[in-house]
Every structure is written in C-alpha cells, then in structure tokens.
Amino acid sequence: MYLDHFELKEAPFSITPDPRFVYLTAQHRDALAHLLFGINQGGGGGFVQLTGEVGTGKTTLCRLLMAQVPENVRIALVLNPMQQPIELLRTVCDELRILLPKRTSSIKVLTDALTHYLLESYASGLRVVLVIDEAQNLSFEALEQVRLLTNLETPTQKLLQIILLGQPELRDVLARPELRQLAQRITARFHLAPLSAEDTATYVGHRLAVAGRKRALFSADALRELHRRTQGYPRSINVVADRALLGGYARSLEHIDATMVRAAANEVAGEPLRLSLRRRFAVIALCAVAIVAAITLVFQWSRERASTTAQTTAMPATVSSPPAPSIEETPFAAFATVGQAADVIAGWWGSAGRSGAVDCATASAIGPLCARLRLNESMLRELDRPVALNLRDHGAHPWFALRRLSAATAQIAGPNRLASRSWGSVSPRWLGDAMLVVARPLGYEGVVIAVGAEGELVELIHGSLAMFDQATVASPTRYGDDTAARVRRLQDHYGLRADGLVGPETMALLVALQRSGPHLSDGVDADASVSEPQQ
C-alpha cells in the first residue's frame, strides 16, 4: 500500500525471517559464532545454549546457522519441544529421515535406530547436530532424555551435538538441582540482549536499504522514539515501524517523525487515541447534559420517596461504606525508563546518578556502575541488593526500583515516593530482567581488568570472589588464570558474558558481593504487613 509513496520495492519490516533483511549486530555475530563453534567442534561433546527474550532474533540466527553449516553436517531441528520423551525421539528420527518400525512405542527401539544412524554417520565422516528451539518448554523427562542422547558416543567422540535455543526461562530451568548433570555438560552459553539505540537506527536503515529506499526515511527523533517504545526488540521494531509507515502514508508524509512513531506504538499497544479538541468539547457537553438529566431524575425520585416514607414508620438504618481498595489495587506511578530507576538506586548508595544513562557496558571514569542481569527470585535474594525491575503489563512506565524485600513484602520506589506491595502481586509480573546499580569503587576508571593485572582493585576482586565461591588465592593482588576462571563462573551464574574479563558490568557485580552499601534485607521484618504507599 505505501511502497510507491516511500520509494520502496518491497515491505521493509515484515516479521517473517527473510535472510536478505538480516542485520547482525556485534552480539548477534558473537552468538552465531557460538552456534557454529558448537557444530564445528565436531564430537567434542556437550551442549551449546543460546537464550534471549521473545523477538531478539533467536529463530533468525537458527536459520542463518542452517544456511552456513558445512556440507558434512546433518541437522535435526525440533521446533515444538512440548512432547513426551518418546514423541521427542520420534521427531528427531523423522528429522534425520531414519526408517522406523510402524507404530513403535518403545524408547529402546527408537534409541537403537538413532544410535545405528549416528554410528553410520560417524563412519562416513558426517556430523549430526540436534537443534531444539523454545527449549524452555521441554519437560523434565524430555530434558533427561536429551541428556541421555549425549551418552551416545565412541571411545573418543560424542556422536551427537546438541544446541538449545530458548527464552531466558531456559536458564532458570537448567539451574534446577535435579538437572545439574545436564547443566554441567553445557560447554558454551550466550544471551541475546535487545538492540541499543545506535543498533536500532542502523537496523532500521539496513532494512529500508534492502527494500529499495535510497535516502533516510525516519528522523533521528523518530529513531530514538522507536527504540524507547520497543526497548530494542527487533520484532517489536518491525511491527511499530511498519505501522508508522502505514500512518505516514495515510497522512501523505514524506518522512516519519517521532509523533508518528508514538502514535503507531500506541496503536500497536492498544492504547486509546487522544480526542481532538472539538471532540473533547462535544464529549464534555454530552456529559453535562447527562449529569443535568440525572440530577433532575434523582430530585423527582427523592420527592416521591419522601412522600411514601412519611406514611410509614421510620426505621433506623445503617449504611455500609464500600470496602477500601487493596494495596495491589492502589495505582502506583513507576518510571518510564530504567535510567530513572537507576538514578534513584544510585542515591541509595550515596552516589550521583547518570541522568538516565543506561549503557552499563560503556567504560567511564565517573558515576555509579550498573549491570543488566537475568535473575530468578532465588538469585535476587542471594544477591541482596537494590535493583531496577521491569514489570510486564505496566504500559509505558514499566520500571520500579526495589529497595527492600522480605518473605512476603516488597518495598518499591517510583517517582518521589516509596510504597510497599505484596511480593506475591509483584513477582508474577517480573520476568527476570533487572538492573543492578552500585557505587563505583575507589580507583576504578572503567578499564577492563584481565590476566596479568595487579594492584588494589585485583585485591577487591579476589575479596568479592571469596564471598561468591569461598575460595582463597596465594597472591591476592595478582589477576591470574585461576582468577579469570572464577570470574567466568560468576559471570555465567548471573547471566553476563562469561569471558573472564572484569569490565564495568562485572565490576558492578563484584562490588555488590561486598558487605557495604544498601541491602534488600536492610531492616526487613519478615512478618511485616503490607502498608499503604507513602506520598
């Protein structure tokens, strides 16, 4: 509809994963490298795990992977893992085109057939890879069956390489104690984060160029608004951008501005459009007429009621007031951006905020440190530090600053106020996205600390690691290979990139492990009742 108007040859923001429109950011290239590593290591064994929120590009990467694998690789792709173990095995066999006995209901028969195929493939120089998408939906029994598949091996090599793709909940699933044997076999992990504002602008420009546009279409303000409203999720960017183009075409606009993006985002989110001034006056007038009519009817009814009541004996009556709304029903204003929540948390540490800046990985010499983490409730309580939480279904203001947390109550902050909420009303709406904010340690200027470094900051690192794993080192002021390995374990535990390097985000996490500073458990009475929000 709008293609000719905007000089496009095809729709630039289709949500179908067309490889021609794929734009790989640095993190997407890293993720693809992790997946290819999982294949190219051959029979090295183990699992490769790739996680990311809905719409971050996991399926697109999976398709790119399948297009780039060597000719000697055979891939079994499972798109619907919500199956019983025997159904999952049959799906794997079907994907590999393994001939099976009709109507078999024996796991042993299926496993034997798969083993025979894998041995033949190995003898022929072929590699076999099992890719499971939406792996967070695997049942415990199915996960255990997947783990058992890694036992198919020769004396020197594993016969099957397994790649698990899933939403962040997959990490929580694999962290369960009963799945520790599977978790120990994961040799590479990677988490896809949303696009940055800069990447969002490049992403939009790339898709427009592929679609035939030869000049800029979205203004700089529109791109910033697009990133703000979609939070950098590629699928959401596509939906809102497409709707903005449709709206711009309907209004005969030559370029898309921030106002059009805002209207498109509101429409996609189902928010009501604002009424024009003339329509507002019409609505107000109509309401006024309705109110006058209602008052007239009530007055007439009251006179008739009084006449009837005078003829009867008056009886005393009590009027019960309506129940007060529960604390969960009390409206509470939150922050529109994570940066606003982060500035409040920085104040709890006695540090000046960054005035809304949220690029935690960027090295800077001043201001607080932050880290974007993926946590479950157990990890949140273990960390025991104030964090910014993103709550779903909270419109354009989804961020809260969590100050205290007891067994049943959460104390949260919005603009200029603190309030207590039942944790049971908060936790179901929190999907694990959190930002940790801490005060910058003395002497740290944002540089990356790696193997070979020495000094007081390395001593701080070792002290924090000891709080995490209770291990000690012979030389606490030197950053050695053992230190890097411990840092990788810490990073992996909290969902950071496990590279063994101490950058700004990892340093923020290490500071959080120290004893000083505010804690979620500060002054918490486990039996405290939920209180009304304070103004």
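When you line the sequence shown up against our numbering, it's residues 88 to 622, in that order.
A virtual CB, placed ideally from N, CA and C, is assigned to each residue, including glycine.
Note that the coordinates shown come from a computational prediction; the quantities given were computed from them, not determined experimentally.
- With DSSP as the reference, please indicate the residues paired to A500 in a beta bridge. Looking at the DSSP assignment, A500 forms a beta bridge with A488 and L505.
- Query: Is the Cβ-Cβ distance between Q318 and P281 less than 8 Å?
  - Reply: In this structure, Q318 places its C-beta atom within 8 Å of the C-beta atom of P281.
- Message: Suppose the cutoff is 8 Å on Cβ atoms and the five residues either side in sequence are ignored; what does the same chain contact list for L197 look like?
- Response: I173, L176, R177, C180, L187 and T191
- Message: Within 10 Å of its beta-carbon, does P515 have 16 or more other beta-carbons around it, so buried, or fewer, so exposed?
- Response: With fewer than 16 other CB atoms across the displayed protein chains lying within 10 angstroms of its CB, P515 is exposed.
- Query: When DSSP builds the beta bridges, which residues end up paired with D520?
  - Reply: Bridge partners of D520: R461.
- Message: Among P485, V165 and L597, whose alpha-carbon lies nearest the alpha-carbon of P528?
- Response: Nearest neighbour of P528 by Cα position, chosen from P485, V165 and L597, turns out to be L597.
- So who's on the other strand from T138, going by DSSP bridges? G253 and H278
- Count the other CB atoms, across all protein chains shown, that sit within 10 Å of the CB of F65; report buried if there are 16 or more and exposed otherwise. The requested residue 65 is not part of the displayed model; the chain covers only 88 to 622.
- Query: Is N167 helix, strand or coil by DSSP?
  - Reply: coil
- Message: For L577, which residues in the same chain have their Cβ closer than 7 Å to its Cβ, ignoring the five residues on either side in sequence?
- Response: L552, F555 and L596
- Would a C-beta distance cut-off of 8 Å place N238 and M169 closer than the cut-off? no
- Report the three-state DSSP secondary structure of N159 (helix, strand or coil). Three-state DSSP puts N159 in coil, outside helix and strand.
- Message: Just verifying my parser: in three-state terms, what is the DSSP assignment at I194?
- Response: Of the three classes helix, strand and coil, the one that applies to I194 here is helix, per DSSP.
- Task: Report all residues from its chain with a CB closer than 7 Å to the CB of R258; omit the five preceding and five following residues, and keep chain order.
- Result: The residues are T138, R461 and G582.
- Span of the beta strand (DSSP E), counted from its first residue to its last, around I219: Here the beta strand (DSSP E) through I219 covers R214 to I219.
- Task: Would you tell me roughly how many angstroms separate the C-alpha atoms of A572 and R294, rounded to the nearest one?
- Result: 40 Å
- Message: So, does the stretch 555–567 touch the stretch 427–441, judging by three or more C-beta pairs under 8 Å?
- Response: no
- Query: Any idea what DSSP makes of A393, helix, strand or coil?
  - Reply: Reliability fails at A393, whose pLDDT of 49 lies under 50, so the model's placement of it is uncertain and no value is given.
- Query: So what's Q248 in DSSP terms, helix, strand or just coil?
  - Reply: strand
- Message: On the DSSP letters alone, give me the boundaries of the alpha helix (DSSP H) that A352 sits inside.
- Response: Segment A345 to A356, the alpha helix (DSSP H) holding A352.
- What do you get for T147, buried or exposed, if any count of 16 or more other CB atoms within 10 angstroms of its CB means buried? buried
- Query: At what residues does the beta strand (DSSP E) containing L476 begin and finish?
  - Reply: V474 to L478
- Item | C457 versus T593: straight-line alpha-carbon distance, rounded | Their backbone Cα atoms lie some 9 Å apart in a straight line.
- Buried or exposed: which applies to V165, given that a residue is buried once 16 or more other Cβ atoms fall within 10 Å of its Cβ? buried
- Message: Taking 7 Å as the limit between beta carbons, can you name the residues of its chain near Y320, skipping five residues before and five after?
- Response: E140, G142, T143 and P281
- Query: To the nearest whole angstrom, what separates the beta carbons of E94 and G299, a pair I think is in contact under 8 Å?
  - Reply: Contact flag correct, Cβ pair sits at about 7 Å.
- Message: By the three-class DSSP mapping on this structure, what secondary structure does L456 have?
- Response: strand
- Query: Between the stretch 119–126 and the stretch 242–259, do at least 3 Cβ pairs fall closer than 8 Å?
  - Reply: The answer is yes - the stretch 242–259 touches the stretch 119–126, with three or more Cβ pairs under 8 Å.
- Item | F422 (DSSP reduced to helix, strand or coil) | strand
- Task: For my contact list, L600 and L489 are in at a C-beta cut-off of 8 Å; report their separation, rounded to the angstrom.
- Result: Contact doesn't hold; Cβ gap of about 18 Å is too wide.
- Does DSSP put A98 in a helix, a strand or coil? coil
- Proximity winner among T570, P502, F277 and L235, relative to R422 (alpha-carbon distances): The amino acid occupying residue 422 in the given sequence is Phe; Arg does not appear at that position. The shortest C-alpha separation from F422 is found at P502.
- Query: When the Cβ atoms of the stretch 502–511 are set against those of the stretch 531–545, are three or more pairs found closer than 8 Å?
  - Reply: no
- Smallest Cα separation from A118: which of A275, L266 and V560? A275
- Looking only at DSSP bridge pairs, what is I273 linked to? F134
- Task: Over the uninterrupted alpha helix (DSSP H) stretch that includes G292, give me the two end residues.
- Result: A284 to V297
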